[in-house]
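In the working numbering, the protein residues as written are 23 to 103.
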């Protein structure tokens, strides 16, 4: 379902514009949003990726490599195999 810039679905906007009860339209939106935000849960051992975000030259690569060395994924800093 497409949403407008303010987050409302087209059905909710049409209901509001058509003079339908606003409370009902907002309740429908709330129910739709609740179904969207159910996330699947994962076991910590099944998670294999991470993200590091920062400005240029902030040390993201060095930190990532250090984490991989500590985790035993790579054997030394600067290696790719």
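Just so it is clear, CB atoms sit at the ideal spot from N, CA and C, and this is done for glycine as well.
Q) With a Cβ-Cβ cutoff of 8 Å, do residue 69 and residue 82 count as a contact? A) For the purposes of this step, residue 69 is identified with residue 47 of the chain shown, where counting begins at 1. For the purposes of this step, residue 82 is identified with residue 60 of the chain shown, where counting begins at 1. No, these two residues do not count as a Cβ contact at 8 Å.
(Q) Distance check for residue 72 and residue 90, CA to CA, integer angstroms please. (A) Taking the chain shown and counting its residues from 1, one reaches residue 90 at position 68. Taking the chain shown and counting its residues from 1, one reaches residue 72 at position 50. Taking the straight line from one Cα to the other gives about 11 Å.
Q. When the Cα atoms are used, what is the spatial distance from residue 79 to residue 85?
A. Along the chain shown, read from residue 1 onward, the residue named residue 79 stands at position 57. Along the chain shown, read from residue 1 onward, the residue named residue 85 stands at position 63. Whole-angstrom Cα-Cα distance: 11 Å.
**Q.** Assigned secondary structure, residue 80 (DSSP; H/G/I helix, E/B strand, else coil)
**A.** Your numbering for residue 80 matches position 58 in the chain shown. In this structure, residue 80 counts as coil in the three-state DSSP scheme.
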